[in-house]
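*Asks:* Numbering (the UniProt record's numbering), first residue to last: 1 to 296.
Dropping the structure here:
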C-alpha cells in the first residue's frame, strides 16, 4: 500500500507511534512464523492431510486504537484483514482509516444493526456472525442500498463486489454461544438463502467460536473437537449444496488455539491479543489517541 493512499484518507487524524508500531510488526511476524511452522509440520506428517494453504490472518483489533491498525496496514507489513466486534466502533474506524483495509465483522450481530453495518462501513469485506435468515436478509438490504448509492455516484468498481458471509456454527453446544447447530436444517436453509436469494452477498463459509476449555486444552496430540466439528459440518453442507468442500472457507482458531485450527485445515484464523496485547475495558477504549510526540 502506498503512503499516499493512507494520507489521503486519515493520516491527518491517525498518528502512529514508531515504538508501538515496531512491537506490533514483531508480534505479527511471530504469529506468521508460527502458522508457517505448523503448516510445514502438518504437511510433512503422514497422519495429517487436512491443510496445505496458508490461512488468511485476521488481526482482531477490537477496542484497540486506529493507530494500531494503521501501524500494521502501512508498510512494511501492509496487512489487509482486520476484525472488529462492535458495529459503532467499526463505523468510526472505517471513517478514519484507509479504504484499503479489509474489515471483518466477527461479533454478535444484532438484527437492528445489520442493514446499517452493510450499508455504511467502507471496505466491509466479510460478516462472520450470521446465524439467521433475518440477519442475512437485512445484510442483503443494506448491501443493496450501498451498491445502488455507489453506482449513482459513479463508483462502479466498489459497487460490484458482494459482501462475504460466514454462517456461525455453535460447535460446542453451549447456550452462551451464538450460531446454528452443525448439520442442521437451519444451517442449510441459511446457506441456500444467501446463495440463491441474496445477489449482493456471497456465501464464503462457516465460522465457530469454540469452547474456552477446548481451546486451552488444544495440543498436537489433543485436537480441538470444535474444529473437527466445523470441518465435518462444512463437508456436509458442501455435499448438500452439491459443491466442492474447498469452495467453503473455515474460519476458526484464535490466539490460544490457532495452531490447532491450522492443523485441521482452517482457511482463516482470527488473532487478537497475541498481536495487540491485552485489551482495555470497553468503556476506556478510544478510536483516536492523542499523539505523544507528533511522530507519524
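Glycine included, each C-beta is placed from N, C-alpha and C at the ideal position.
Hey, out of 72, 25, 115 and 257, whose CA is closest to residue 270's CA?
*Replies:* Residue numbering aside, residue 270 sits at position 270 when the chain shown is read from its first letter. Out of 72, 25, 115 and 257, 257 has the C-alpha closest to the C-alpha of residue 270.
*Asks:* How far does the beta strand (DSSP E) with residue 194 in it reach, from first residue to last?
*Replies:* As a first step, residue 194 must be located in the chain shown, where it is residue number 194. Premise fails: residue 194 lies in the alpha helix (DSSP H), 185 to 197, not in any beta strand (DSSP E).
*Asks:* Given that a residue counts as buried once 16 or more other Cβ atoms are within 10 Å of its Cβ, and exposed if not, what is residue 49?
*Replies:* Position 49 of the chain shown, counted from the start, is the residue given in the question as residue 49. A caution first: residue 49 carries a pLDDT of 47, below 50, which makes its placement in the model unreliable, though a value can still be read off. So residue 49 counts as exposed.
*Asks:* Who pairs with residue 167 in a beta bridge, going by DSSP?
*Replies:* Taking the first residue of the chain shown as 1, we reach residue 167 at position 167. DSSP, once it has assigned bridges, lists 130 and 206 as partnering residue 167.
*Asks:* Does the distance from the CB of residue 163 to the CB of residue 124 come in under 8 angstroms?
*Replies:* Mapped onto the chain shown, residue 163 falls at position 163. Mapped onto the chain shown, residue 124 falls at position 124. The answer is yes: Cβ separation under 8 angstroms.
*Asks:* Given this structure, state the Cα-to-Cα distance separating residue 144 from residue 152, to the nearest angstrom.
*Replies:* As a first step, residue 144 is located in the chain shown; it is residue number 144 there, counting from the start. As a first step, residue 152 is located in the chain shown; it is residue number 152 there, counting from the start. Answer to the nearest angstrom: the Cα atoms are 12 angstroms apart.
*Asks:* Can you give, in chain order, each stretch of the beta strand (DSSP E) that sits fully within the segment 86 to 137 and has at least 3 residues?
*Replies:* As far as the segment 86 to 137 is concerned, its whole beta strand (DSSP E) runs of at least 3 residues are 102 to 105 and 124 to 130.
*Asks:* Over the uninterrupted alpha helix (DSSP H) stretch that includes residue 240, give me the two end residues.
*Replies:* For the purposes of this step, residue 240 is identified with residue 240 of the chain shown, where counting begins at 1. Run containing residue 240: 225 to 241, per the alpha helix (DSSP H) assignment.
*Asks:* In this structure, does DSSP put residue 270 in helix, strand or coil?
*Replies:* Start at 1 with the first residue of the chain shown, and residue 270 comes out as number 270. Note: residue 270 maps to strand in three-state DSSP.
*Asks:* Spatial neighbours of residue 186 within its chain, please: C-beta separation below 6 angstroms, excluding the five flanking residues on both sides.
*Replies:* Residue mapping note: residue 186 aligns to position 186 of the chain shown, counting from 1. So the list reads 180, once near-sequence residues are dropped.
*Asks:* Does residue 117 pass the burial test, meaning 16 or more other C-beta atoms within 10 Å, or should it be called exposed?
*Replies:* Translated into positions along the chain shown, residue 117 becomes position 117. With 16 or more other Cβ atoms within 10 Å, it is buried.
*Asks:* For the alpha helix (DSSP H) holding residue 28, just list the boundary residues, first then last.
*Replies:* Here residue 28 refers to the residue found at position 28 when the chain shown is read from its first residue. Start and end: 18 to 44.
*Asks:* Looking at the structure shown, is residue 3 part of a helix, part of a strand, or coil, going by DSSP?
*Replies:* For this step, residue 3 is matched to residue 3 along the chain shown. Because residue 3 carries a pLDDT of 37, less than 50, the predicted location of this residue cannot be relied on, and the following value inherits that uncertainty. Helix at residue 3.
*Asks:* Taking residue 259 as part of the alpha helix (DSSP H), name the residues at either end of that continuous run.
*Replies:* Position 259 of the chain shown, counting from 1, holds the residue named residue 259. Its alpha helix (DSSP H) spans residues 258 to 263.
*Asks:* Taking 7 angstroms as the limit between beta carbons, can you name the residues of its chain near residue 191, skipping five residues before and five after?
*Replies:* Residue mapping note: residue 191 aligns to position 191 of the chain shown, counting from 1. So the list reads 167, 203, 237 and 241, once near-sequence residues are dropped.
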